[in-house]
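Residues 1 to 302 (the working numbering) are what the sequence shown spells out, left to right. Ideal Cβ positions, reconstructed from N, Cα and C, are used throughout, including at glycine. Scroll down for the structure; my scribbles are underneath it.
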Amino acid sequence: MPDQGAQILEELAADLAGDVVRRYRIDQARAVEVILDEWSRNQKLLAVVAAAGSAREAQRTRVYKDAATLTKKTIYNRLRSYRAEPAAFDTALQTLMELPPDASTEQVEAAATDIAAAHVSTAERLGHRAQFLDVLEAANPTGSRVVVDAGAGVLPALLGADWLHRQGITQYWAPDKDPKAVAAVAAYAARLPAGLVRPAQWNVADGWAALHRLGLPETCDVAWMLKVVPVVLRQEPQLAPVLAAAPAPRLLISGSRVAMAKRQNIEARERRVVQRFCADHGLRTIGEHVTEDEFFLLAERG
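Right, dumping it as structure tokens:
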């Protein structure tokens with residue numbers, strides 16, 4: 001493409017990125033990068049841009065309008081995926097798996113943090129990691145040794161072995177339905193004291209008996225359901241009783257304050273869902289905490 005065409009394409013990408021950034025949780029530079037990558041394979045658009053005398057002229061065409069609409073949908077769908085950048089996640093996992101057996105704790109934790117950063121739901125907590133850990137510590141019942149984290153994703157990679165030890169946790173069960181998340185946690189768990197972090201391939205629909213067969217104690221000290229309840233109730237509401245039957249006397253339930261993809265406050269909606277879940281299943285709220293983008297309700301039965 002002639003230099004003028006390349007310049008027009010960059011102007012178009014910058015302009016569209018401005019609209020994308022106003023709507024979605026992505027920065028300008030990354031938005032431009034994604035847009036240009038998508039458009040590099042759109043031969044019809046490239047032909048229109050090459051023939052156009054200006055960015056404004058290209059913007060008036062149906063080809064451009066269709067390309068802009070499709071690209072915005074693509075960005076939105078990527079941001080709604082827990083692995084918005086699959087290549088980054090795969091690279092981080094490969095790095096962890098290729099560390100030598102005598103790798104230092106610092107090397108292992110750095111690789112684990114890269115995995116957490118490539119998993120959107122977990123990455124949201126990195127900017128206020130200390131605050132997030134403080135909330136977990138405050139909400140964790142004294143003497144909790146066995147924790148089951150339903151839908152854990154790659155959260156163990158964010159917590160770290162030292163933090164788990166300080167809490168007195170001896171078994172951290174991390175079941176999740178995403179095979180790649182489970183594989184990442186398994187790779188991390190292999191670098192920790194045996195049995196501390198216990199990943200498991202699991203869907204809520206499998207029920208708790210499936211985890212008990214893998215060794216999960218009949219009664220845990222606390223069950224974590226972080227950002228899980230609102231998602232399950234939206235997608236598979238019939239599974240709410242399974243979540244509510246978690247084998248623990250206390251449940252730490254959280255919801256998002258900000259949408260994963262859009263720049264939109266969703267706290268009120270998420271709170272209503274979590275509160276209704278607790279009311280419907282005889283769970284009494286005994287504590288509440290909040291971070292920059294997440295709220296937490298600690299509930300117990302009865």
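Where residue i falls: helix, strand or coil (DSSP)
| i | result |
| --- | --- |
| L298 | strand |
| L226 | strand |
| N77 | helix |
| W39 | helix |
| S104 | coil |
| G255 | strand |
| R303 | Outside the shown range of the chain (1 to 302) lies residue 303, about which nothing can therefore be said. |
| L216 | coil |
| R191 | coil |
| R60 | coil |
| R125 | coil |
| L283 | strand |
| Q167 | coil |
| D206 | helix |
| M1 | Because the pLDDT of M1 is 45, which lies under 50, any placement of that residue in the model is unreliable, and the question is left without a value. |
| D221 | coil |
| V154 | coil |
| G18 | helix |
| L239 | helix |
| D178 | coil |
| T306 | Outside the shown range of the chain, which is 1 to 302, sits residue 306, and nothing can be said about it. |
Per DSSP, cross-strand counterpart(s) of residue i
| i | result |
| --- | --- |
| H289 | F296 |
| W173 | V148 and R198 |
| Y342 | Residue 342 lies beyond the range of the chain shown here (1 to 302); nothing can be said about it. |
| R30 | R30 is not bridged to any residue. |
| R250 | E300 |
Contact belief for residue i with residue j at Cβ below 8 Å, rounded distance in angstroms
| i | j | result |
| --- | --- | --- |
| D126 | A187 | Sequence inspection shows Leu at residue 126; the Asp mentioned does not correspond to that position. Their Cβ separation, rounded to whole angstroms, is 19 Å, which puts L126 and A187 out of contact at 8 Å. |
| A223 | V148 | 5 Å |
| A150 | V228 | 6 Å |
| A194 | L211 | In fact, because the Cβ distance is near 19 Å, the residues do not count as touching under 8 Å. |
| T291 | Q131 | 5 Å |
| T219 | A244 | Actually they are not in contact, since the Cβ atoms of T219 and A244 sit about 15 Å apart, beyond 8 Å. |
| I115 | A152 | That belief does not hold up - the Cβ atoms of I115 and A152 are roughly 13 Å apart, past 8 Å. |
| V146 | T170 | 7 Å |
| V274 | G255 | 5 Å |
| R23 | L79 | No, R23 and L79 are not in contact; Cβ-Cβ is about 10 Å, not under 8 Å. |
Counted within 10 angstroms of its Cβ, other Cβ atoms place residue i as buried (16 or more) or exposed
| i | result |
| --- | --- |
| N77 | exposed |
| A299 | buried |
| P156 | buried |
| N140 | buried |
| L214 | exposed |
| R284 | exposed |
| D293 | buried |
| D176 | buried |
| M1 | Below a pLDDT of 50, predicted positions are generally treated as unreliable, and M1, at 45, falls in that range; no measurement from the model is reported. |
| T142 | exposed |
| T122 | buried |
| Q167 | buried |
| G160 | buried |
| T105 | exposed |
Is the number of C-beta pairs between the segment 38-58 and the segment 2-13 that are closer than 8 Å three or more?
When C-beta atoms of the segment 38-58 are compared with those of the segment 2-13, three or more pairs fall below 8 Å, so the two segments count as touching.
Specify whether the segment 24-37 and the segment 48-64 touch according to this definition: at least 3 beta carbon pairs, one from each stretch, less than 8 Å apart.
no
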